[in-house]
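Working notes for the structure below.
Protein chains: 2
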Amino acid sequence: MAQIEAAQADTVIAPSLLAADFARLAEAAESVAGAVDWLHVDVMDNHFVPNLTLGPPVVKSLKAATDVPLDCHLMIEDPERWALGYAELGAHNVTFHAEASADPATLAKRLRSAGAKAGLAIDRDTPVEDYLDLLPEFDTLLIMTIKAGFGGQAFMPELLDKVRTARRHAKAGHLELRIEVDGGIAEDTIARAAEAGADAFVAGTAVYGADDPAEACRRLRSLADAAR
Amino acid sequence: MAQIEAAQADTVIAPSLLAADFARLAEAAESVAGAVDWLHVDVMDNHFVPNLTLGPPVVKSLKAATDVPLDCHLMIEDPERWALGYAELGAHNVTFHAEASADPATLAKRLRSAGAKAGLAIDRDTPVEDYLDLLPEFDTLLIMTIKAGFGGQAFMPELLDKVRTARRHAKAGHLELRIEVDGGIAEDTIARAAEAGADAFVAGTAVYGADDPAEACRRLRSLADAAR
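Chains A and B, in that order, are what the protein sequence lines are. Under numbering that gives the first Met the number 0, the first residue of the first sequence carries the number 0, and numbering increases by one thereafter. Under numbering that gives the first Met the number 0, the first residue of the second sequence carries the number 0, and numbering increases by one thereafter.
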């Protein structure tokens with residue numbers, strides 16, 4: 000269990016490729032490199048969520064195309080079967096859904112052994128309280144601020160209560176835990192998420208819908224830093 | 000039911016993007032445009048096959064990136080739920096697996112109504128005889144010449160018996176039917192598949208593993224034409 004004494008981690012900005020041009024992902028990565036910390040990769044399988052996006056062959060090509068660490072968010076069934084493959088392809092974070100996993104703590108250990116950071120994601124309707132005891136096993140807790148499955152949805156501020164609960168718990172336990180928010184994060188919402196205790200921010204449309212994606216990332220970072 | 004009197008259709012060459020660089024799909028399309036008829040898009044969902052590749056958001060970006068008709072091969076469960084979405088995104092062909100469909104004939108009608116060509120795919124272990132009566136409902140019959148799920152597998156010549164059976168049946172019924180072969184098609188195998196009665200050829204590694212993908216397509220076409 001990694002522990003720190005209240006040192007505040009740097010803000011992480013993670014543009015979501017879900018809002019990028021999938022025919023030009025290398026360019027999408029290049030357009031934000033230098034202004035971001037992670038690239039958020041939304042993996043969906045038609046089963047855990049009603050959409051199918053991309054999987055290992057695309058992650059493999061992305062890994063070869065960019066040096067930006069890949070933040071793989073697995074919105075898929077049976078992560079016990081598939082998650083390790085993403086670690087082996089060189090993903091920086093492998094985040095799977097609590098709702099889909101039979102044994103999150105064991106899977107987290109396997110991911111860490113494979114050299115990846117382990118992330119636990121909880122969807123809109125999942126209480127964070129059920130998973131607080133598992134947090135020492137994880138590097139990242141991803142809290143959906145929309146319902147998982149599609150980009151472009153509106154931010155749901157009431158879900159920030161989960162962020163507050165998780166941050167309080169992490170502070171009390173001296174856990175070095177990233178809390179990542181995903182869904183509807185943009186210039187008008189990022190400060191609220193940062194104030195609630197999030198320190199990693201997924202943004203899709205707010206980045207790739209902007210004329211200058213790198214500049215959009217810098218503005219998001221500055222808003223988050225000010226709020227934290 | 001479309002009928003022709005023994006006019007031989009032109010050879011179709013359909014490079015499979017499964018062997019391309021997924022971070023640069025627009026370039027992969029561009030590199031063969033003018034030398035090919037379709038781009039073959041392998042959609043896999045972790046469930047029908049043990050791999051996850053790409054889905055609608057990627058097809059949407061591809062459609063915007065290239066004028067080459069998209070030949071979407073759905074290796075997914077529940078095509079009744081998902082296939083129509085690919086037609087609506089502008090796929091030229093939407094081919095689903097017989098093994099995954101509850102009612103292939105009805106789905107074919109819906110796809111044609113949506114403006115797409117309807118394709119029926121049968122995996123390595125599925126007898127073609129079970130589906131001959133359905134062929135009038137389809138524009139394309141895709142016969143796997145490997146086990147569906149991954150690129151790079153070796154061609155299985157014994158599966159060409161299915162191509163012969165289907166071509167005989169189509170000729171006898173005056174059906175205008177494309178017979179597409181998928182798996183291990185390369186310069187050393189394409190002639191055998193063409194002789195057996197195939198007229199559409201998916202090639203992955205043989206195209207995108209070549210120094211000059213367009214030239215590789217021209218050579219494949221010339222070998223197929225000579226054999227037919």
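Using N, Cα and C, we set each Cβ at its ideal position, and we do this for glycine too. Since the structure is predicted, the reported quantities are computational estimates derived from the model, not experimental observations.
- The Cβ of A/His91 sits no closer than 7 Å to any Cβ of chain B.
- B/Phe95 is not a Cβ neighbour of B/Pro68, given a cutoff of 7 Å.
- With a threshold of 7 Å between beta carbons, B/Thr52 makes contact with chain A.
- B/Ala192 sits close to B/Val180, with the two beta carbons spaced by under 7 Å.
- With a cutoff of 7 Å on beta-carbon distance, A/Ala22 and B/Leu24 are scored as near each other.
- The Cβ neighbour count for B/Lys161, taken over all protein chains shown within 10 Å, is at least 16; the residue is labelled buried.
- Annotation for A/Gly33: Ala213 place their beta carbon closer than 8 Å to its own, counting only its chain and skipping 5 residues before and after.
- Contact of B/Ala192 with chain A is not assigned, every C-beta pair being separated by 7 Å or more.
- Chain order gives the chain A residues near B/Phe21 as Leu24, Leu53, Pro56, Val57, Lys59, Ser60 and Leu61, where near means a beta carbon separation below 8 Å.
- Distance from the Cα of B/Val40 is smallest, within the candidate group B/Phe154, B/Ala28, B/Ile178 and B/Thr188, for B/Ala28.
- Distance between A/Leu140 and A/Ala107, taken at the CA atoms: about 12 Å.
- Look at A/Asp181: its C-beta is not under 7 Å from any C-beta on chain B.
- Closest in alpha carbon position to A/Gly208, among A/Leu17, A/His46 and A/Val11, is A/Leu17.
- In the DSSP annotation of this structure, A/Leu88 is not part of any beta strand (DSSP E), being labelled neither H nor E.
- Here A/Thr105 is exposed: its Cβ has fewer than 16 other Cβ atoms, across all protein chains shown, within 10 Å.
- For the pair A/Ile189 and A/Leu219, the CB atoms are nearer than the 7 Å cut-off.
- Not one beta carbon of chain A lies nearer than 7 Å to the beta carbon of B/His39.
- Per DSSP, the beta bridge partners of A/Ile12 are A/Phe200.
- Within the region 9-63 of chain B, the complete beta strand (DSSP E) runs of at least 3 residues fall at 11-14 and 38-43.
- In this structure, A/Leu176 is the residue among A/Asp102, A/Pro156, A/Leu176 and A/Pro126 with its C-alpha nearest to the C-alpha of A/Leu134.
- According to DSSP, B/Val127 shares a beta bridge with no other residue.
- Against A/His72, chain B offers no close residue; the least beta-carbon distance is about 13 Å (beta-carbon pairs closer than 9 Å).
- In terms of beta-carbon proximity, A/Ala117 stays away from the interface with chain B, with every pair separated by 7 Å or more.
- Note on geometry: alpha-carbon atoms of A/Val11 and B/Ala147 lie some 40 Å from one another.
- Scanning chain A for C-beta atoms nearer than 9 Å to the C-beta of B/Val42 yields Leu51, reported in chain order.
- At a beta-carbon threshold of 9 Å, none of the residues of chain A lie near B/Ala97; the nearest stands roughly 19 Å away.
- Non-local C-beta neighbours of B/Asp44 in its own chain, meaning closer than 8 Å and more than five positions away in sequence, comprise Leu51, Gly54, Met74, Ile75 and Glu76, ordered along the chain.
- Among the CB atoms of chain B, one or more fall inside 7 Å of the CB of A/Ala64.
- Excluding residues up to 5 positions away in sequence, Ala86 lie with their Cβ nearer than 8 Å to the Cβ of A/Gly114 in the same chain.
- Of the residues B/Glu98, B/Arg111, B/Arg80 and B/Ile184, the one whose Cα lies closest to the Cα of B/Cys216 is B/Ile184.
- Apart from the 5 residues on each side of it in sequence, B/Asp224 sits with its Cβ closer than 7 Å to the Cβ of Thr10 in its chain, given in chain order.
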